[in-house]
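Student: In UniProt numbering, the protein residues as written are 1 to 173.
1) Let me know the secondary structure DSSP gives residue 11 once reduced to three states.
2) Could you give the DSSP three-state label for residue 96: helix, strand or coil?
3) Whose C-beta lies closer than 6 Å to the C-beta of residue 82 among residues of the same chain, with five residues either side of it excluded?
4) Mapping the DSSP letters down to three states, classify residue 143 as helix, strand or coil.
5) Relative to the C-alpha of residue 16, which residue among 170, 161, 136 and 54 is closest?
6) Report yes if the CB atom of residue 4 is closer than 8 Å to the CB atom of residue 67, and no otherwise.
7) Which residue marks the beginning of the beta strand (DSSP E) containing residue 37, and which one marks its end?
8) Would you tell me roughly how many angstroms separate the C-alpha atoms of residue 156 and residue 128, rounded to the nearest one?
9) State whether the stretch 156-165 contacts the stretch 16-33, with contact taken as three or more CB pairs (one from each stretch) at a distance under 8 Å.
10) Decide if residue 84 is buried, meaning its Cβ has at least 16 other Cβ atoms within 10 Å, or exposed.
11) Mapping the DSSP letters down to three states, classify residue 54 as helix, strand or coil.
12) Can you tell which of 167, 1 and 130 has its C-alpha closest to the C-alpha of residue 142?
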C-alpha cells in the first residue's frame, strides 16, 4: 500500500463528473489513502451529472486542512459552484502554499483559477476552458496528464488511468 497514512480531501457539489470523482477516490483508497468526501454540508447526498450519488463525510467548515496531504477537485459543472465558497478557495491556497498535492481534472481548473494559483504553472484541462486557464497565467498543454510540482492536472474521463497513476506517484513522494 503506497499511500498508507495519507489523507486526502475530495471536494463535491451537485453536478460533479461522476467518473472524475469516483475513479480517483477509489484508486487512492485502493493504495491505502484515507479519502474524505467534503461538501458544503456534512452528510449531504450530492448527485453527479449522470446520477451517481456521493455523500459528504464532512462540511467545508469542519475540515482542518493542515491534517491533509492533498486535495482532489473533480470536473463536471461542480467546479463552477465550488469556486464560490471561500472555504474551498482557502483549502486550495493552503495546499498550494504548503506544496501539498492538488489534483484537478476537466473543468476543475476553474477552482484553481479562482484561488489564484496558476500563474506560470504548467497544466491541462478540458480544452473548453483552455482560454480561462491561459488568461489566469497558466501554461496550457493538450496532454492526458501534466504534473507541475505538486499540481497534477488532467483533461477528461478517457485520461483517468494516466491521471490515477500520476496522483498515486505525487502522493507517494
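Glycine is no exception: its CB is placed at the ideal position from the N, C-alpha and C atoms. The structure presented is a predicted model; accordingly, all values stated were derived computationally and were not measured.
Tutor: This is what the structure holds:
1) Translated into the one-based positions of the chain shown, residue 11 becomes position 11. Reduced to three states, the DSSP call for residue 11 is strand.
2) Residue numbering aside, residue 96 sits at position 96 when the chain shown is read from its first letter. It is helical.
3) Numbered from 1 along the chain shown, position 82 holds the residue referred to as residue 82. Around residue 82: 11, 13, 88 and 111.
4) Locating residue 143 in the chain shown gives position 143, counting from the first residue. Coil at residue 143, not helix or strand.
5) Reading the chain shown from its first residue, position 16 is the one you call residue 16. Of the candidates 170, 161, 136 and 54, the one whose C-alpha sits nearest the C-alpha of residue 16 is 54.
6) The residue labelled residue 4 in the question sits at position 4 within the chain shown. The residue labelled residue 67 in the question sits at position 67 within the chain shown. Cβ distance not < 8 Å, so residue 4 and residue 67 don't count as in contact.
7) Along the chain shown, one-based indexing puts residue 37 at 37. Per DSSP, residue 37 belongs to the beta strand (DSSP E) from 34-39.
8) Counting from one through the chain shown, the residue named residue 156 turns up at place 156. Counting from one through the chain shown, the residue named residue 128 turns up at place 128. When rounded, the distance between both Cα atoms is 11 Å.
9) Of all C-beta pairs linking the stretch 156-165 to the stretch 16-33, three or more are shorter than 8 Å, placing the two stretches in contact.
10) Position 84 of the chain shown, counted from the start, is the residue given in the question as residue 84. The residue is exposed, with fewer than 16 neighbouring Cβ atoms inside 10 Å.
11) Stepping through the chain shown from its first residue, residue 54 is reached at position 54. In the three-state reduction of the DSSP assignment, residue 54 falls in the strand class, which pools E and B.
12) The sequence position of residue 142 within the chain shown is 142, counting from 1. Per the Cα distances, 130.
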